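As you go down the protein sequences, you meet chains A and B in turn. Under numbering that gives the first Met the number 0, the first sequence has 0 at position 1, and the numbering climbs by one with no breaks. Under numbering that gives the first Met the number 0, the second sequence has 110 at position 111, and the numbering climbs by one with no breaks. Structure record follows, encoded as structure tokens.
There are 2 protein chains.
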Amino acid sequence: MSNSKPTESELEILQILWEHGPVPVRFVHEILATQKAVGYTTTLKLMQIMAEKGLVNRDTTNRTHIYVAAISEEQTQQQLLDKFVAGTFRGSAMKLVMQALGNNTASKEELDQIKALIQKIENEG
Amino acid sequence: MSNSKPTESELEILQILWEHGPVPVRFVHEILATQKAVGYTTTLKLMQIMAEKGLVNRDTTNRTHIYVAAISEEQTQQQLLDKFVAGTFRGSAMKLVMQALGNNTASKEELDQIKALIQKIENEG
DNA sequence: TTGGATATACGAAATTCTTCGTATACATTT
DNA sequence: AAATGTATACGAAGAATTTCGTATATCCAA
């Protein structure tokens with residue numbers, strides 16, 4: 000369980016690692032490169048730093064190192080969410096929910112899911 | 000309409016400006032100082048930079064300058080929210096809503112509000 | 001086995017953000 | 001009027017983050 004909070008660039012890399020299991024640097028870099036102009040060694044360096052920080056683990060058995068996220072997506076998201084709510088919505092999670100709901104097209108299925116969750120919360124409370 | 004995205008420190012100041020209308024630097028600083036150790040000239044400098052960037056406006060008629068936020072709270076929150084959803088939840092606003100709902104104690108009133116909003120969305124769609 | 005492609009390591013420049021010291025001017029009090 | 005308090009301006013140090021050049025090793029194909 001790492002305590003380091005990922006920077007913005009590190010988070011971009013974590014996203015890729017979360018989505019596509021253990022992969023080499025080159026793989027991460029190629030996805031990253033479609034999102035923004037960045038050199039290969041930059042990506043490499045970032046991932047090396049992340050390894051030092053304990054944000055990722057890597058298998059260095061072979062010449063091509065294989066990287067995998069060392070922190071869970073859910074836990075990281077929750078941490079960042081808490082911080083974001085505090086920083087941007089002055090601690091009001093509900094205000095955030097309202098804004099997110101109001102400004103994004105949610106499918107019927109998603110709305111149903113949310114309704115179900117609310118139902119569940121109401122029953123528990 | 001400013002395009003600058005506020006940094007974290009700038010956001011802290013914007014929050015104070017949003018909450019307490021037009022105020023002098025000293026006022027902002029005193030609130031800030033209750034949240035973290037920071038020198039007065041640091042706060043001043045930040046607010047001067049924000050003025051340059053167009054994030055705040057100031058009235059320099061008198062010796063004590065009076066600052067006010069130049070960008071709206073709602074618009075800024077929406078911008079940051081979009082970015083946050085993209086960056087942390089891979090673009091899934093619903094995933095964020097679910098997580099925010101699941102991990103924060105929402106009052107009955109708040110849940111009712113959300114249900115009403117969902118109702119409204121469903122009717123419009 | 002030699003040349004080209006591709007890998008990691010490493011150092012350091014470049015950029016952005018944060019912090020604060022110091023200079024200077026105006027206001028207030030004594 | 002002098003001393004003291006409080007303002008802004010400004011420059012630049014410090015810290016964190018991002019970027020990439022270069023060195024070097026390994027793999028693979030001709």
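Virtual Cβ for every residue (Gly too), placed ideally from N, Cα, C. Quick caveat, the model's predicted, so the values are computed rather than measured.
Asked	Found
Residue burial classification, Q144(A) (beta-carbon count within 10 angstroms, cutoff 16)	Look at the range of chain A in this structure, 0 to 124, and you will see that residue 144(A) is not part of it.
Distance between S71(A) and I48(B) (C-alpha atoms, nearest Å)	37 Å
Within 8 Å, strictly: CB atoms of I113(A) and L110(B)	no
Beta-carbon proximity of I65(A) to V27(A), cut-off 8 Å	no
CA-to-CA distance, A50(B) to L13(B), given in whole angstroms	12 Å
8 Å Cβ cutoff met for F88(A) and L95(A)	yes
Beta carbon of L54(A) nearer than 8 Å to that of A69(A)	yes
Local Cβ density within 10 Å of T75(A), reported as buried at 16 or more and exposed below that	buried
Expected contact under 8 Å - CB spacing of I120(B) and A105(A) to nearest Å	7 Å
Other residues of its chain near S1(B): CB distance less than 8 Å, five sequence neighbours each side excluded	Confidence in S1(B) is poor, its pLDDT being 49 and thus under 50, which makes the residue's placement unreliable; the coordinate value appears in the next sentence. Contacts found: K52, G53, L54, A69, I70.
Span of the beta strand (DSSP E), counted from its first residue to its last, around N56(A)	55 to 58
For M46(A) and V67(A), believed in contact at Cβ under 8 Å, the rounded distance	Not really, about 11 Å apart at Cβ, beyond 8 Å.
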